[in-house]
Structures are given as C-alpha cells and as structure tokens.
C-alpha cells in the first residue's frame, strides 16, 4: 500500500520531502510483471522452508514531464507497505 502517482496510475508517488519531480516508482516481479500500488497481486506458491519474494523497482517519467522535459533532478523517496496474506 502506498500513495499512487496521479499521472501514472499503479505506480508509487514520491514522498512529500522529495526534491526530484515528474517521476514515479514502479514495482514488478522478478518476471517483469507490474505490481500495481494498492491492488492485490496473484498468489505465490509456498514451499517448505524459507520462501523468497523477489521484487524489482524502477523509475518512470510522467508523460507530461517527459514531453515538456521538466523532470526535476534530486534526492527522492517513495514509501510502500506490503501486506501478506497466507493460508
């Protein structure tokens, strides 16, 4: 769960203190499947012992910022909380 970027639905918005502008953070599985923010994902099979859920993050420019070449450089953070349900 996290704040969704209005220009790029499904991607994380930057936290308020971020200096960078015009970007969002995407999350995806190791197989490059998008994990939209605030939406349930599919099931992952569990095995006996340790289980690892590998995720990747990437930065994507907002369409208007790309078109106008107004992406602002600087430090940024984005916050997401993961809820796991298992049977």
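Residue numbers (UniProt numbering): 1 to 87. Glycine included, every Cβ here is placed at the ideal spot set by N, Cα and C.
Buried versus exposed, by CB contacts within 10 Å (16 or more), residue i
i, result
"residue 87", "exposed"
"residue 17", "exposed"
"residue 68", "exposed"
For residue i, the nearest candidate out of the options (CA to CA)
i, options, result
"residue 79", "20, 69, 12", "12"
"residue 74", "19, 1, 9, 4", "19"
"residue 44", "58, 53, 9", "53"
"residue 39", "15, 1, 24, 85", "1"
"residue 9", "37, 55, 47", "37"
In chain order, each alpha helix (DSSP H) run of at least 4 residues that lies wholly inside the UniProt domain "Fimbrial-type adhesion" (11-86): For the UniProt domain "Fimbrial-type adhesion" (11-86), the continuous alpha helix (DSSP H) assignments of 4+ residues that do not extend past its boundaries occur at 63-68, in sequence order.
Sufficient close CB pairs (3 or more, under 8 Å) joining the stretch 58-69 to the stretch 30-40: Fewer than three pairs of CB atoms, one per stretch, sit closer than 8 Å, so the stretch 58-69 makes no contact with the stretch 30-40.
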